[in-house]
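*Asks:*
There are 2 protein chains.
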Amino acid sequence: MINSVGRDIPDQVLKDTGMKVFQGSRARNAEEYVKAAPKVRAWIDPTESKMVADIHEALVKCGIKDGMTLGFHHHFRNGDKVVNMVMEEVHKMGIKDITICASSLGSAHNPILPMIEDGTVTGIQSSGVRGKIGDAISNGKLKGYAIMRSHGGRVRAIESGDVHIDISFIGAPTCDEYGNCRAVGGKSDCGVLSYAVVDAKYADKVVAITDTLVPYPNMPASISQIDVDYVVVVDEIGDPAKIATGAAKPTSDVRKIMMAEYCTQFVVNSPYFKEGFTYQTGVGGASLASTISLGEVMKERNIHMSVGIGGMASAMCKLLDEGWIGKLADTQDFDIDAINNIKTNPNHIEISGSEYANPMNKGSYVNRLDVVVLAALEVDTHFNCNVVVDSNGMITGAQGGHPDTAAGAKCTIVITPLLQGRIPCVKTDVTTVTTPGEDVDVIITEYGIAINPKRQDLIEAMKGVKLPFTTIEELRDLAYSMVGEPDPVEFGDRVVGIIEARDGTIIDVVRQFKPYEYKD
Amino acid sequence: MINSVGRDIPDQVLKDTGMKVFQGSRARNAEEYVKAAPKVRAWIDPTESKMVADIHEALVKCGIKDGMTLGFHHHFRNGDKVVNMVMEEVHKMGIKDITICASSLGSAHNPILPMIEDGTVTGIQSSGVRGKIGDAISNGKLKGYAIMRSHGGRVRAIESGDVHIDISFIGAPTCDEYGNCRAVGGKSDCGVLSYAVVDAKYADKVVAITDTLVPYPNMPASISQIDVDYVVVVDEIGDPAKIATGAAKPTSDVRKIMMAEYCTQFVVNSPYFKEGFTYQTGVGGASLASTISLGEVMKERNIHMSVGIGGMASAMCKLLDEGWIGKLADTQDFDIDAINNIKTNPNHIEISGSEYANPMNKGSYVNRLDVVVLAALEVDTHFNCNVVVDSNGMITGAQGGHPDTAAGAKCTIVITPLLQGRIPCVKTDVTTVTTPGEDVDVIITEYGIAINPKRQDLIEAMKGVKLPFTTIEELRDLAYSMVGEPDPVEFGDRVVGIIEARDGTIIDVVRQFKPYEYKD
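Protein chains in written order, with this note's numbering: chain Y, 1270 to 1789; chain B, 1270 to 1789.
1) Provide the residue(s) that pair with Q1540 of chain Y in DSSP beta bridges, ordered along the chain.
2) Could you tell me which uninterrupted alpha helix (DSSP H) segments, each at least 4 residues in length, are contained entirely in the segment 1532 to 1600 of chain Y, listed from first to last along the chain?
3) Determine whether the Cβ of G1403 of chain B lies closer than 8 Å to any Cβ atom of chain Y.
4) Using a C-beta cutoff of 8 Å, does K1596 of chain Y count as contacting chain B?
5) Determine contact between the segment 1321 to 1334 of chain B and the segment 1483 to 1501 of chain B, defined as no fewer than three beta-carbon pairs at a distance below 8 Å.
6) Please list the terminal residues of the continuous alpha helix (DSSP H) segment that includes G1421 of chain B.
7) Output needed for A1377 of chain Y: all residues of its chain with C-beta closer than 6 Å, excluding positions within five of it in sequence on either side, in chain order.
8) Between A1490 of chain Y and the rest of its own chain, which residues show a CB-CB distance below 7 Å, the 5 nearest in sequence each way excluded?
9) Is the Cβ of Q1494 of chain B closer than 8 Å to any Cβ of chain Y?
10) Taking the C-alpha atoms as reference points, what is the distance between I1492 of chain B and H1433 of chain Y?
11) Within 10 angstroms of its Cβ, does V1734 of chain Y collect 16 or more other Cβ (buried), or is it exposed?
12) Using a Cβ cut-off of 8 Å (strictly closer), state whether E1544 of chain B contacts chain Y.
13) At a Cβ threshold of 8 Å, is W1593 of chain Y touching chain B?
14) Please list, in chain order, the chain Y residues whose beta carbon lies closer than 8 Å to that of A1626 of chain B.
15) Count the other CB atoms within 10 Å of the CB of Q1242 of chain B; is the residue buried (16 or more) or exposed (fewer)?
16) List the endpoints of the continuous alpha helix (DSSP H) containing R1399 of chain B.
17) I need the straight-line Cα distance from G1580 of chain B to R1771 of chain Y, nearest angstrom please.
18) Could you tell me whether the segment 1721 to 1730 of chain Y touches the segment 1688 to 1702 of chain Y, using the rule of 3 or more Cβ pairs below 8 Å?
19) How long is the line joining the alpha carbons of P1484 of chain B and I1572 of chain Y, rounded to whole angstroms?
20) So, using beta-carbon positions, are I1526 of chain Y and T1520 of chain Y closer together than 8 Å?
21) Please report whether the beta-carbon of M1488 of chain B lies at a distance below 8 Å from any beta-carbon of chain Y.
22) For a contact meaning CB atoms closer than 9 Å, what does R1637 of chain B contact in chain Y?
23) To the nearest angstrom, how far is it from the Cα of A1678 of chain Y to the Cα of R1418 of chain B?
24) For F1535 of chain Y, which of Y:T1650, Y:T1316, Y:I1718 has the nearest alpha-carbon?
25) Note down the Cα distance separating R1524 of chain Y from P1442 of chain B, rounded to an integer number of angstroms.
26) Taking 8 Å as the CB-CB limit, is R1295 of chain B close to chain Y?
27) Going along the chain, which unbroken runs of the beta strand (DSSP E) with 3 or more residues stay wholly within the segment 1340 to 1416 of chain B?
28) In chain order, which continuous runs of the alpha helix (DSSP H) of length 4 or greater are located wholly inside the segment 1720 to 1747 of chain B?
29) By the three-class DSSP mapping on this structure, what secondary structure does R1254 of chain B have?
30) Going along the segment 1570 to 1584 of chain B in order, which residues come within less than 7 Å of chain Y, judged by CB to CB distance?
31) Closer than 9 Å, Cβ to any Cβ of chain Y: which residues of the segment 1285 to 1310 of chain B, in chain order?
32) With 8 Å as the threshold, decide whether the Cβ of I1385 of chain B is near any Cβ in chain Y.
33) At 7 Å on the CB atoms, spell out the chain B contacts of V1497 of chain Y, in chain order.
34) Which whole-angstrom value describes the C-beta separation of L1339 of chain Y and C1370 of chain Y, a residue pair presumed to lie in contact below a C-beta threshold of 8 Å?
35) What residues from chain Y crowd round I1261 of chain B, counting only those whose CB sits closer than 7 Å?
36) With 16 as the cutoff for other CB atoms within 10 Å, does S1625 of chain Y come out buried or exposed?
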């Protein structure tokens, strides 16, 4: 069945999953539904302990069995050790048919690969899957469909009951013996535990795994004792060097600096740049540069940001400390400055994944965004974006908050180079749609800026602004004129992955990877 | 059917309510159950506003109708204006058969009385009911049973689905246009919104009512935008003079000072008085005096409290500021010092009602108490306590956190004078059981101290301690010798109220009030 971004979703996939096709970003607005709920155990007896000896005992006490869904968060990013240590034990116990429902997975989880091959893991649900797991899925090694969800979409899926997590494992930088988890104060500080909050509230069993047990009460807690069944102490939950990078140095890439400057000029000339505006940006080189240059204009014109939202890095924290931002609503810390900042600045505040981006709660923070600045692997002439599948057809990225912020923000700006090497990033049709064009307002490349024709108000507002405005078709044509029109990616027949829209419908599917064959 | 504290619960009540009789404080430990969940509406469209013109519009948008259950919190205490203003509008609209499910009700809500009489309100569920509503219930004017629940019991009832709230009204000292509520910063500061958290999470519709609309985002929020449907601005949600009293002056009542001193000596000679102990106390004169004198011993002996739990007043805040307490886990602020303290001391932290005392989550703060110091209207020779019904049989008090903290604490101390006027407070049997004797360890009166014989360990620990130890029977006998044995209270036949144990079973019932008749 063809969905509203023109993708043909195979009937078999709809039948297998019971899912529906994407009908537009706001199609489910005002829909009423009963939230999901976990099956919990009452801890009335105050003499009972939650401490268990090791992960094995936690798994046994939680009743681990074949076919269960296990939850994980990705706040330790490439330094995460929790997924692997839990799954190694699951594997050792001979448990099969596990679905991993993680807020994201990356190359840190390459050791899971053999467990996909031997049927320990048959389902993967994640924001995205970089590294060997992405390759394995693309190559058809996972028994079930991989489901790629945005950060808001994962919370929605759990809170609405589309997925039920049997046991969630919360890597906790610090934890007390009754399960109060904080993201700071230990050996593996990660700043916030935002994406784990939904796991704590909706999984039947919740296990806190820490390498730093602290005296009771470990408060204010990101994850509260009232949601935690067991506490396990291990040697190391993460590799601090890989959890957060050092503060990124401003990029010296001329192309990125140019795109950042275009972006800043666009923002400051838009109707949204006014006292109290709200803003989110990513942490790529161009985004970071754009935050820095935007900050300079804020100071020149004495304009303050009321709140900065989402993943945090040094540039936003510096503006907060200097008083140019009122609050940071933080869901993830990308560098050491951000982790230190949340410990020291009381206006730098952790929010949950649901607060951040769940499209089907009573209104998330992304709904309040004036401007979001995003990146993409590919954009197309319909303004659709692709952030998960590379131009060869391999799963290699993650949705993150991309579709969430794009849907919520009044002005969604996507920065992308026109070309990556000899591959056009602006195309007639993206390989895979992850964010629908209806939610994307502006594409900024180093060769020009295209405003979505839907946004005549923005086109009007930019009249007289000295920026290289063009059309998306012209950008596409320019790219094609430079490197030629790419052949359509060829895939195998089997659907291996589902790109779930944030509202739980199917916006696209990913088919099995097929190595490029040179034609005669 | 006779329950485990020997009270005969009428079969008709069990049949009418589907409830079971109390079987002991830990009877439901380790029970598994699926949590309740609200029916919510998705707010995907970021352009929609949550602001409504007045309470009438909020009620209409929430679909108010006959038979609904409405939720309220009591953080404005005797200064609350929210219950009355909502109920006046409900009354004006001609809605009938409403159940009020409040965290507590007091004399501020006397204006509800005519609505009980005319059938607007037919059900009341509350921690207790002081004032005219208590009289009305005792006099049989409420159509249904009044259900009195502890603070933990209310959260349990809502989280387990025993009661479902259709619309909750959250009086918010400050709120932004998207529903983020804080307890501080407005005209009617109340310090925390702990007891309202469960309403926000489990009611289908949630209305924030504020007199101080603040710029977005009002964070860190006690109640988050993701749980709020509508925001109403009114002139006044509370009377600040009645929300919090000025800091209580130390009592000059010799009897209270004596009991406080006994209490302190008991605590400091108990095995629980050691570095890092945890503690809760009430805010009566004796409790306050006991906190002050306990603080002096802490300083003398260099012993720190790791966490103070529950309702807060000046004495605990002072010890926090001076560094003798590590953290305050706050659920309610009784005086202006406590409200100011949570704004200024980052170790003074709001916790939710579920975190505080829900017996059937995965472990609440009361479970971690070493010592709790409580008061009571009556205690009996089985160590049962009564905090709801006076010795004439009239509903006049509230369970509050009494049964919760008693059940959780390693050492539960109840301070009560031997007599109130010419009424014995230590009796063979309390008029109504609200806290079971199995959870009460020590009774302190000005005439002597009785340790529950169940606690041979405490009796042993007190050997050699110079305090006037006696038995509970001797205290009762002494009271009776002074004022005579009171005649049993006579009640009418009709059951008007249910005293719900914190685990949702029936620990006692309250029958209709019958004026005392002098016998020939």
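Just so it is clear, CB atoms sit at the ideal spot from N, CA and C, and this is done for glycine as well. Here the structure is a predicted model, which means the values were calculated and not measured.
*Replies:* In brief:
1) Residue identity check: residue 1540 of chain Y is Pro in the sequence provided, not Gln. BP columns for P1540 of chain Y are empty, so no partner.
2) 1554 to 1570, 1583 to 1590
3) no
4) yes
5) yes
6) 1420 to 1428
7) N1347, D1349
8) N1449, C1450, R1451
9) yes
10) 25 Å
11) exposed
12) no
13) no
14) Simply none; closest approach about 10 Å.
15) What the structure shows of chain B is the stretch from 1270 to 1789, and residue 1242 of chain B is not part of that stretch, so it cannot be assessed.
16) Run containing R1399 of chain B: none; DSSP gives neither H nor E here.
17) 41 Å
18) no
19) 16 Å
20) yes
21) yes
22) P1315, Y1447, Y1485, P1486, Q1494
23) 44 Å
24) Y:I1718
25) 50 Å
26) yes
27) 1367 to 1371, 1390 to 1395
28) 1725 to 1730
29) There is no way to answer for residue 1254 of chain B, as the model of chain B reaches only from 1270 to 1789.
30) S1575, V1576
31) S1294, R1295, A1296, R1297, N1298, A1299, E1300, E1301, Y1302, V1303, K1304, A1305, A1306, P1307, K1308, V1309, R1310
32) no
33) K1631
34) 7 Å
35) In this structure chain B extends from 1270 to 1789, so residue 1261 of chain B is not present and cannot be described.
36) A small fix is needed here, since residue 1625 of chain Y is Tyr in this sequence, not Ser. It is buried - the Cβ of Y1625 of chain Y has at least 16 other Cβ atoms within 10 Å.
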